[in-house]
Amino acid sequence: MTREIVRPAGLDLESPGRRDYYVALEHDSIWGDHLIPLTVFVGPRARPGQGLVAFGANHGNEYEGPVAIRHLLREIDIADVTGRIILVPVLNVAAFRAGTRDSTLDDRVNLNRAFIDGAGHRAALAGITHRIADFVRAHLWPQVHVVIDLHAGGQVARFALGTSFHRIDHPDQGRLIEETARWFGTPLVITYQNETPGLLPSEAERLGKIAIGGEFGWGGAIQPEGVRYARHGVLAAAIHHGQLRGQVDKIAYHADGTQRLVDMADRDCLTIAPFAGHYEPLLHCGTDVAKGEQVGWLHDFERLDLDPWPVRAGVDGIVVAQAWAAPVLQGQHILCTGRVKGRKPF
1 MTREIVRPAG LDLESPGRRD YYVALEHDSI WGDHLIPLTV FVGPRARPGQ
51 GLVAFGANHG NEYEGPVAIR HLLREIDIAD VTGRIILVPV LNVAAFRAGT
101 RDSTLDDRVN LNRAFIDGAG HRAALAGITH RIADFVRAHL WPQVHVVIDL
151 HAGGQVARFA LGTSFHRIDH PDQGRLIEET ARWFGTPLVI TYQNETPGLL
201 PSEAERLGKI AIGGEFGWGG AIQPEGVRYA RHGVLAAAIH HGQLRGQVDK
251 IAYHADGTQR LVDMADRDCL TIAPFAGHYE PLLHCGTDVA KGEQVGWLHD
301 FERLDLDPWP VRAGVDGIVV AQAWAAPVLQ GQHILCTGRV KGRKPF
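Numbered by this note's numbering, the letters in the sequence shown go through residues 1 to 346 in order.
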């Protein structure tokens with residue numbers, strides 16, 4: 001299979017069939033291009049503005065999404081596609097090449113903070129990462145109504161695996177988002193704060209799209225369960241939203257009714273490191289905890305004669321995430337506790 005190298009304007013996302021591309025965006029420092037892999041499947045009933053896009057590697061050291069999408073590239077048969085499916089296994093190619101969260105070798109920007117006004121157009125926002133955001137805005141958003149952004153904790157945090165989204169004011173959009181999120185089968189379905197500027201899912205939600213995020217692993221490794229959930233969730237979304245022919249069964253925590261909806265949208269859910277140190281977890285992610293219960297220790301090896309600082313849960317609920325690497329920075333969110341909102345099978 002040969003991938004055609006095209007500029008964004010050369011993409012054909014509307015004609016029936018399968019096409020495999022490398023989308024070329026000008027390199028900032030060498031005479032060359034960054035090449036974003038993109039595959040589009042268009043079926044006979046594709047409608048303007050309707051379709052699904054799934055992204056891997058919004059951050060460059062999160063690998064379950066790219067692997068899951070790579071499997072789907074081999075598994076989806078164009079004969080079964082009814083609408084439009086766009087698969088981008090590696091969105092932030094600059095960060096992926098560096099193996100880092102941000103585009104470390106280029107403009108040092110975090111793509112999941114780059115969806116801001118003027119991205120890709122203002123001189124101060126013209127590096128490769130902001131131009132990737134501009135490419136998504138200009139060429140992909142108009143073609144889709146379902147957006148899936150597959151993440152993992154990378155080197156920052158270990159998670160109880162879960163899909164994620166923000167609280168949505170529009171009830172119909174919120175219902176569709178939660179239903180879509182549950183079909184991934186993860187143990188948790190997480191609602192979280194929407195104050196951070198420049199998030200890809202936030203912009204998709206504001207545009208009225210069914211936008212799903214998720215944390216499918218950690219540690220810069222590949223978690224097999226995370227790949228399984230991500231792959232299944234994208235297929236389920238494509239089928240349920242009319243882009244792919246077929247049937248899909250519930251799996252894992254969705255199938256047995258033990259999936260939990262947790263909310264970590266307010267700051268009481270976050271435990272912040274008061275000093276730089278080394279984090280020692282005492283409990284696993286996914287553990288039920290009470291407010292004030294100790295979850296870990298923060299050690300200061302510069303002041304060995306002081307007792308370590310007890311890291312405590314901020315609310316009653318469940319340990320959603322905690323620092324993955326032992327060294328942590330002052331101000332880092334080293335523990336995230338989610339309030340359990342209940343189980344509601346779909």
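Each residue gets a CB set at the ideal place from its N, CA and C atoms; glycine is no exception.
The count of Cβ pairs closer than 8 Å, one atom from the region 34 to 51 and one from the region 86 to 101, reaches three, so the stretches are in contact. Per DSSP, the beta-bridge partners of T39 are D20, L87. Take F55, set aside five residues on each side of it, and the residues of its chain with a beta-carbon closer than 6 Å to its own are V88, L91, D149, in chain order. Going by C-alpha positions, R175 is about 27 Å away from V42. Per DSSP, the beta bridge partners of W309 are L298. DSSP places H278 in no alpha helix (DSSP H) but in the uninterrupted beta strand (DSSP E) bounded by 277 to 281. Here R70 has P89 as same chain residues with Cβ atoms under 6 Å from its own Cβ, once five neighbours each way along the sequence are excluded.
Around the beta carbon of H151, 16 or more other beta carbons sit within 10 angstroms, so the residue counts as buried. Here A323 has A157, Y279, Q332, I334 as same chain residues with Cβ atoms under 7 Å from its own Cβ, once five neighbours each way along the sequence are excluded. In the displayed model, Y63 falls within coil according to three-state DSSP, outside both helix and strand. Counting C-beta pairs closer than 8 Å gives fewer than three between the region 167 to 184 and the region 25 to 33, which falls short of the contact rule.
Residues L261, D263 of the same chain have their beta carbon placed closer than 6 Å to that of K341, with the five preceding and five following residues left out of the count.
When the Cα atoms are used, F216 and N58 turn out to be separated by approximately 13 Å.
Annotated three-state conformation of T180 is helix, per DSSP.
Contact between the region 288 to 304 and the region 234 to 247 is absent, with fewer than three C-beta pairs closer than 8 Å. When only Cα atoms are considered, V81 and R245 end up about 6 Å apart.
Inter-residue distance for A290 and G220 is about 30 Å (C-alpha atoms, whole angstroms). Counting C-beta pairs with one atom in each stretch, the region 269 to 289 and the region 117 to 126 have fewer than three that are closer than 8 Å, which means they do not touch.
Residue nearest to L72 within the set E225, A276, A230 is A230 (criterion: CA-CA distance).
In the structure shown, the three-state DSSP call for R260 is strand.
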